[in-house]
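Each residue of the sequence shown is one higher than the one before, starting from 103 at the first, in our numbering.
Let me begin by presenting the structure, written as structure tokens, before commenting on it.
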Amino acid sequence: MAKELLQGKRGIIFGALNEQSIAWKVAEKVHEQGGTFVLSNAPIALRMGNLHQLAEQTSSTIIGADATSVEDLQNLFTSAQEKLGGKLDFVLHSIGMSPNVRKNVAYTQSNYDYYQKTLDISGISLHKVLKVAMEQDAINEWGSVVALTYIAAQRIFPDYNDMADAKSLLESIARSFGYHYGTHKKVRINTISQSPSMTTAGSGIKGFDAFFNYAEQMSPLGNASVEACADYCVSLFSDLTRYVTMQNLFHDGGFSATGVTKVVMDKFME
Ligand SMILES: NC(=O)c1ccc[n+]([C@@H]2O[C@H](COP(=O)([O-])OP(=O)(O)OC[C@H]3O[C@@H](n4cnc5c(N)ncnc54)[C@H](O)[C@@H]3O)[C@@H](O)[C@H]2O)c1
103 MAKELLQGKR GIIFGALNEQ SIAWKVAEKV HEQGGTFVLS NAPIALRMGN
153 LHQLAEQTSS TIIGADATSV EDLQNLFTSA QEKLGGKLDF VLHSIGMSPN
203 VRKNVAYTQS NYDYYQKTLD ISGISLHKVL KVAMEQDAIN EWGSVVALTY
253 IAAQRIFPDY NDMADAKSLL ESIARSFGYH YGTHKKVRIN TISQSPSMTT
303 AGSGIKGFDA FFNYAEQMSP LGNASVEACA DYCVSLFSDL TRYVTMQNLF
353 HDGGFSATGV TKVVMDKFME
């Protein structure tokens, strides 16, 4: 890939927890392409993960923020612009968590306090990030915001639980805010609908291994890797995709457009 696609661009990358995280790989690739950024995660995650290693490797600063707290986000956006020396060009929202999934509560039995938390952390936080950015006029014209999502927003995957509802909300917020931020300041907002990936969030879903293998065989190109997802994020942060906005972009090896594959059919012919 060409180098320095993001030379001179500044941003915030939310959600790197460990080396498996999608955001971790995005940070490495953005750094390779000349972009500078602040890494952010929830204060509790900063204590659990090894984000300092990534910060060192990419010469970046860590600023903690609970993405559900507008106050934390205000502080983050102000401090990030100070640290980086100007307005931002890209933001990665790579955040997801469901207490119902964590505690194995079935979808039909949802605990509503947990459900609210799922929606707040995994969906509404994108709205809060964008609202704070807009209020501070923190993103340059043609800036790009990308959030990670999953096809359970459109189709049922029973064990994805209330995260499916949160992802529908997330994708809708990207579209709605994409209109307003686009007309206001030419800021672009998209979601990437990624293949199942072996990360902390991914493998928290019940039966994930079997599902990962199923998706692999249902995708003409196979599951898209986390590295490939990071490349796609870089392309969306770059000036090569300036007119892409308000889209939910499938990055899934063709899974979303496939009814059945020969390899899966063959299993039913045995
Ligand atoms: N892994 C998959 O199979 C897969 C597939 C499609 C989409 N996604 C999405 O990709 C994104 C990143 O997940 P991942 O797979 O890299 O797993 P991950 O567990 O490494 O990342 C999730 C991140 O969300 C952060 N987070 C949770 N609550 C937060 C809060 N209140 N404030 C700020 N940050 C908070 C976590 O600390 C963690 O860093 C998520 O939106 C996830 O739903 C994952």
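Beta carbons are placed, not taken as given, at the ideal position from N, Cα and C, and that holds for glycine.
Because the structure is a prediction, the values reported are computed rather than measured.
Can you give me the Cβ contacts of residue i inside the same chain, cut-off strictly under 6 Å, excluding the 5 residues immediately before and after it?
{"i": "LEU323", "result": "GLY355 and GLY356"}
{"i": "SER123", "result": "THR301"}
{"i": "VAL172", "result": "LYS230"}
{"i": "TYR217", "result": "ASP264"}
{"i": "CYS331", "result": "ILE124, GLN296 and HIS353"}
{"i": "LYS127", "result": "VAL328, GLU329 and ALA332"}
Within a Cβ cutoff of 7 Å, which residues of the same chain sit near residue i, ignoring the five residues on either side of it in sequence?
{"i": "TYR373", "result": "Lying outside 103 to 372, the shown extent of the chain, residue 373 is not represented and no answer is given."}
{"i": "GLN319", "result": "THR363, VAL365 and VAL366"}
{"i": "TYR209", "result": "ASN263 and ASP264"}
{"i": "PRO145", "result": "GLY166 and ASP168"}
{"i": "TYR334", "result": "ILE294 and HIS353"}
{"i": "VAL234", "result": "VAL172, LEU175, GLN176 and PHE179"}
List the whole-angstrom C-beta distance separating residue i from residue j, where the pair is believed to meet the contact cut-off of C-beta under 8 Å.
{"i": "GLY225", "j": "LEU156", "result": "Going by Cβ atoms, the distance from GLY225 to LEU156 rounds to 26 Å, so no, they are not a contact pair."}
{"i": "VAL346", "j": "LEU338", "result": "7 Å"}
{"i": "ALA317", "j": "PRO298", "result": "5 Å"}
{"i": "LEU190", "j": "GLY113", "result": "5 Å"}
{"i": "THR160", "j": "GLU130", "result": "7 Å"}
{"i": "MET150", "j": "SER200", "result": "MET150 to SER200, Cβ: 17 Å. No contact."}
{"i": "VAL132", "j": "ILE165", "result": "With 8 Å as the limit, VAL132 and ILE165 do not qualify as a contact, their Cβ atoms being about 16 Å apart."}
{"i": "PHE116", "j": "ASN143", "result": "7 Å"}
{"i": "ASN213", "j": "ASN202", "result": "6 Å"}
{"i": "PHE314", "j": "ASN325", "result": "7 Å"}
Cutting at 8 Å between CB atoms, please list the residues of its own chain near residue i, excluding the five before and the five after it.
{"i": "HIS286", "result": "MET236"}
{"i": "GLU134", "result": "LYS105"}
{"i": "ASP222", "result": "THR170"}
Relative to the alpha-carbon of residue i, which residue among the options has its alpha-carbon at the smallest distance?
{"i": "HIS195", "options": "LYS369, ALA118, ILE165 and SER321", "result": "ALA118"}
{"i": "PRO260", "options": "ILE307, TYR214 and SER227", "result": "ILE307"}
{"i": "GLY245", "options": "ALA144, GLN211 and VAL336", "result": "VAL336"}
{"i": "GLU243", "options": "THR210, PHE192 and GLN211", "result": "PHE192"}
{"i": "LEU148", "options": "VAL247, THR163 and THR138", "result": "THR163"}
{"i": "GLN109", "options": "ASP341, PHE116 and GLY309", "result": "ASP341"}
{"i": "ALA276", "options": "ASP333, PRO145, MET348 and ILE115", "result": "MET348"}
{"i": "GLY198", "options": "ALA182, SER270 and ARG344", "result": "SER270"}
{"i": "PHE352", "options": "ALA255, ALA182 and ILE115", "result": "ALA255"}
{"i": "LEU107", "options": "ILE258, ARG257, THR138 and ASP239", "result": "THR138"}
{"i": "GLY361", "options": "SER274, ALA312, ARG257 and GLU372", "result": "ARG257"}
{"i": "ALA240", "options": "ASP311, LYS369 and ALA182", "result": "ALA182"}
Should the stretch 242-251 be regarded as contacting the stretch 168-185, the criterion being three or more beta carbon pairs within less than 8 Å?
No, the stretch 242-251 is not in contact with the stretch 168-185.
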